[in-house]
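Remarks on the structure that follows.
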Amino acid sequence: MAEPDTEVAEAPLYLRVAAVLREDLAHRRISPGSRLPSERSLSQRYHVNRQTVRSALQLLRDERLVVTDRRGTFAAAAGADPAAPAPALAARRPTFPGGPRVSGALVRASLAWEPPPTPLTSRLLLAPGEPTLVHRHLVLGPQGAALQRAVSWFSRPALAEIPQLARYRRIKDSHHQPDLRLLYHWMHQAGLRVTHRESIGVPPGPAATTAAGGAARLVVHRTVSDQHGHALEITDIDFSAQSAAWTYEFSA
667 MAEPDTEVAE APLYLRVAAV LREDLAHRRI SPGSRLPSER SLSQRYHVNR
717 QTVRSALQLL RDERLVVTDR RGTFAAAAGA DPAAPAPALA ARRPTFPGGP
767 RVSGALVRAS LAWEPPPTPL TSRLLLAPGE PTLVHRHLVL GPQGAALQRA
817 VSWFSRPALA EIPQLARYRR IKDSHHQPDL RLLYHWMHQA GLRVTHRESI
867 GVPPGPAATT AAGGAARLVV HRTVSDQHGH ALEITDIDFS AQSAAWTYEF
917 SA
């Protein structure tokens, strides 16, 4: 791997691999439309494991610099518009904070600026009554029944350290569709090393079967913390266990 500058050298490995490949693509050292080396070859070249290579390639796919099919991964064709819609690619990207891959499902997301529940205030390093960024995520089935509900609260350190979140401080329309699918990538960009702790359970009593169509429900409580042990994000997810599969994608 070429000698990176200090800022890149301190970045996670997958970002460093992505940066080198991005440079090769930008300078046409990898020609448009040509096939990239295999994951195994790239892992040997850059002295990283294959999961690191996969994460780097996924980032480049999200940036529409490369495309992958059954034959392998290829540099985007010359003249491709990076801003052009790519429905097939977007459909493969993970939803936030992790949602069911249900054909025909509808996703509704919104942001608000409001105080969190009292028990979460101190964990988010907020003062009593202090508002913070709140992300709500709803997945509806083809017939309109709620398959999954999720709400995420962000801490004071998260808003201070992650520029992409801080920009939402001035949101006026809490009902627009925010795109936080690259949240964990943003955390890495900010130099944060994150730890995830998740608890999965069944709500007690009758509440366990109040999901769509009376299906069983599961609840997930997630806390994402930085290298100092400070909570960055706390998320509660409630979903129908029979009609939706909870999927969660994350690369350290």
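For the sequence shown, my numbering gives the first residue as 667, with consecutive numbering after it.
Think of the CB as a built atom: it goes at the ideal place given N, C-alpha and C, for glycine as much as any other residue.
Exposed unless 16 or more other CB atoms sit within 10 angstroms - verdict on residue i
{"i": "residue 864", "result": "exposed"}
{"i": "residue 895", "result": "exposed"}
{"i": "residue 805", "result": "buried"}
{"i": "residue 899", "result": "buried"}
{"i": "residue 888", "result": "buried"}
{"i": "residue 656", "result": "Nothing can be reported for residue 656: it is not among the residues displayed for the chain, which extend from 667 to 918."}
{"i": "residue 716", "result": "exposed"}
{"i": "residue 678", "result": "buried"}
{"i": "residue 711", "result": "exposed"}
Backbone secondary structure at residue i - three-state DSSP
{"i": "residue 898", "result": "strand"}
{"i": "residue 864", "result": "strand"}
{"i": "residue 714", "result": "coil"}
{"i": "residue 891", "result": "strand"}
{"i": "residue 735", "result": "strand"}
{"i": "residue 741", "result": "strand"}
{"i": "residue 780", "result": "strand"}
Cβ pair residue i, residue j closer than 9 Å
{"i": "residue 849", "j": "residue 831", "result": "yes"}
{"i": "residue 901", "j": "residue 819", "result": "yes"}
{"i": "residue 834", "j": "residue 799", "result": "yes"}
{"i": "residue 735", "j": "residue 816", "result": "no"}
{"i": "residue 793", "j": "residue 784", "result": "no"}
{"i": "residue 821", "j": "residue 882", "result": "no"}
{"i": "residue 718", "j": "residue 704", "result": "no"}
Neighbourhood of residue i by C-beta distance below 6 Å, restricted to the same chain and skipping five residues each side
{"i": "residue 893", "result": "859"}
{"i": "residue 795", "result": "781"}
{"i": "residue 861", "result": "891"}
{"i": "residue 867", "result": "885"}
{"i": "residue 876", "result": "Low confidence applies here, because residue 876 scores a pLDDT of 47, under 50, leaving its location unreliable and the question unanswered by this model."}
Bridge partner(s) assigned by DSSP for residue i
{"i": "residue 803", "result": "775 and 816"}
{"i": "residue 884", "result": "905"}
{"i": "residue 683", "result": "Its beta-bridge partners do not exist; DSSP assigns none."}
{"i": "residue 701", "result": "740"}
{"i": "residue 787", "result": "Looking at the DSSP assignment, residue 787 forms no beta bridge with any residue, so it has no partner."}
is_contact[residue i, chain B] using C-beta, thresh 9 Å
{"i": "residue 834", "result": "Of the protein chains in the structure, only one exists, and it is not chain B."}
Near the ligand PLP: residue i beta-carbon under 8 Å from a heavy atom
{"i": "residue 787", "result": "Among the components of this structure there are no ligands whatsoever, and the ligand PLP is therefore not found."}
Residues near residue i by beta carbon distance below 7 Å, same chain, minus five either side
{"i": "residue 732", "result": "702, 723, 726, 739, 740, 741 and 742"}
{"i": "residue 983", "result": "The structure shown has nothing for residue 983, since the chain only spans 667 to 918."}
{"i": "residue 687", "result": "722 and 726"}
{"i": "residue 869", "result": "883 and 885"}
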